[in-house]
Amino acid sequence: RAREQAAARAAEAAGIGPAVRHTEPDVMVVDFVEGSRALTEADLHAAGQEGPQCSLLRSVAATLRRLHEIPVPKEMEAFLAEIGSVGWGGPHLEKWLRYAEEERYSRLPLLSGLRELIEQLNLAAGPMGPNKFCHFDLLADNLVLKNDSILLVDFEYAAPGQPLMDLAVLAMGCSLTAVEERALLSAYLAVDASEAELRRFQALRVLAALRETFWGVTAELSKSSALSMEEAVSYTDMNF
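Just so you know, we're using the numbering used here here: the sequence shown kicks off at 49 and counts up by one.
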């Protein structure tokens, strides 16, 4: 949990996370954000339909840009060093894929040809830039609206990575339509996303789906998740 705690403290210092009041191994206490509410997928669909000038979408984009500007804490850098070289999908995809390979996962035909597919997706996504502070778990309810600002919570999967993967995880997790996805990307870039950028983003969205699938595979194999075995199998099947 040291990586999660360091990430939460960095987000607090940057003004985009709630105050961290206490930490110890496996324990972290953060402020309850009074007068706030978690976003819903419906909020993001509506904002995406309104377009990149939507005030909510602009607030989300501003918070994500700020997140990606935060210096990466050493605890996050250490995690990436442990995993080694990774592509656009980030360190957790590589970690979970290796685990599935080591355990010879075979309930679903996921592993056959997967390394080749991931390489093709990395090529389609284009050259990577420097790694930045990424959240990597941007479900709608991890974005908290207070007044006109967005705070981020739940930094369990925070890691160094490529900023656009955060947007891909959000778009995939909320099942944004092509129109809504374009609006999200344009709001983040602060210019209209080009057709080339949108094509590259499609590759990232597939990588985000693979990442989510292998989270389920890891839960299924390790039997250490909060999910029951039945829930883990169902989650993997849904993403597959």
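All residues carry an ideal CB built from backbone N, CA and C; glycine is no exception.
Q) Can you give the beta carbon distance from ALA173 to MET124, rounded, assuming they're within the 8 Å contact cut? A) Reading the sequence shown from its first residue, position 125 is the one you call residue 173. Reading the sequence shown from its first residue, position 76 is the one you call residue 124. Not a contact, Cβ separation roughly 22 Å.
Q) So what's PHE127 in DSSP terms, helix, strand or just coil? A) By 1-based counting over the sequence shown, the position of residue 127 is 79. If DSSP states are grouped into helix, strand and coil, PHE127 belongs with the helices.
Q | Own chain partners of GLU229 with C-beta closer than 6 Å, once the 5 adjacent residues on each side are dropped | A | Along the sequence shown, one-based indexing puts residue 229 at 181. Result list for GLU229: ALA219, in chain order.
**Q.** Residue environment, PHE80, which counts as buried when at least 16 other CB atoms sit within 10 Å
**A.** Counting from one through the sequence shown, the residue named residue 80 turns up at place 32. Looking at its Cβ environment, which holds fewer than 16 other Cβ atoms inside 10 Å, PHE80 is exposed.
**Q.** beta-carbon LEU232 near the ligand SAM non-hydrogen atom, thresh 7 Å
**A.** What this structure holds is no ligand at all, so the ligand SAM is not there to describe.
Q) If we call anything under 8 Å between Cβ atoms a contact, is ALA241 one with LEU92? A) Translated into the one-based positions of the sequence shown, residue 241 becomes position 193. Translated into the one-based positions of the sequence shown, residue 92 becomes position 44. No; because the gap between Cβ atoms is not below 8 Å, this pair is not in contact.
Q: Inspect the beta-carbon positions of THR261 and LEU158 and report whether they are closer than 8 Å.
A: In the sequence shown, the residue the question calls residue 261 occupies position 213. In the sequence shown, the residue the question calls residue 158 occupies position 110. Yes, the pair counts as a contact, with Cβ atoms nearer than the cut-off.
Q: Please name the residue in VAL239, TYR283, ARG146, GLU167 whose C-alpha comes closest to that of GLU130.
A: Taking the sequence shown and counting its residues from 1, the one referred to as residue 130 is at position 82. If we check each option's Cα against that of GLU130, ARG146 comes out closest.
Q: Please confirm if TYR153 has its CB atom under 8 Å from at least one CB of chain C.
A: The chain inventory of the structure shown lacks chain C, comprising one protein chain alone.
**Q.** Where MET286 sits in the DSSP three-state scheme
**A.** In the sequence shown, counting from the first residue as 1, residue 286 sits at position 238. Here MET286 sits in helix by DSSP.
Q: Consult DSSP for LEU246 and reduce its assignment to one of helix, strand or coil.
A: For the purposes of this step, residue 246 is identified with residue 198 of the sequence shown, where counting begins at 1. Here LEU246 sits in helix by DSSP.
Q) How big is the Cα-Cα spacing for VAL120 and ALA256? A) Here residue 120 is taken as the residue at index 72 of the sequence shown, counted from 1. Here residue 256 is taken as the residue at index 208 of the sequence shown, counted from 1. Distance between the alpha carbons of VAL120 and ALA256 is about 21 Å.
Q: Rank GLY264, SER272, SER270 by C-alpha distance to the C-alpha of VAL281 and give the top, closest one.
A: As a first step, residue 281 must be located in the sequence shown, where it is residue number 233. Out of GLY264, SER272, SER270, GLY264 has the C-alpha closest to the C-alpha of VAL281.
**Q.** Cut-off 6 Å between Cβ atoms - residues of its own chain near ALA86, not counting five sequence neighbours on either side
**A.** For the purposes of this step, residue 86 is identified with residue 38 of the sequence shown, where counting begins at 1. Cβ neighbours of ALA86 beyond the five flanking positions: ASP189, VAL192.
Q | Close Cβ partners of ASN179 (< 8 Å) along its chain, the five nearest in sequence each way excluded | A | Locating residue 179 in the sequence shown gives position 131, counting from the first residue. Closer than 8 Å at the Cβ level, and outside the excluded window around ASN179, lie VAL120, LEU128, PRO208, GLY209, GLN210.
Q. Where MET277 and ARG259 are concerned, what is the direct C-alpha to C-alpha distance, given to the nearest angstrom?
A. Here residue 277 refers to the residue found at position 229 when the sequence shown is read from its first residue. Here residue 259 refers to the residue found at position 211 when the sequence shown is read from its first residue. Whole-angstrom Cα-Cα distance: 19 Å.
Q) CA-CA distance, LEU212 and PHE288? A) For the purposes of this step, residue 212 is taken as residue 164 along the sequence shown, with counting starting at 1. For the purposes of this step, residue 288 is taken as residue 240 along the sequence shown, with counting starting at 1. Their backbone Cα atoms lie some 22 Å apart in a straight line.
Q) The beta strand (DSSP E) with ILE118 in it runs from where to where? A) Position 70 of the sequence shown, counted from the first residue, corresponds to residue 118. Counting along the chain, ILE118 falls outside any beta strand (DSSP E), and DSSP gives it neither H nor E.
Q) Nearest-angstrom Cα distance between ALA95 and ALA231? A) If you number the sequence shown from 1, residue 95 lands on position 47. If you number the sequence shown from 1, residue 231 lands on position 183. Distance between the alpha carbons of ALA95 and ALA231: 8 Å.
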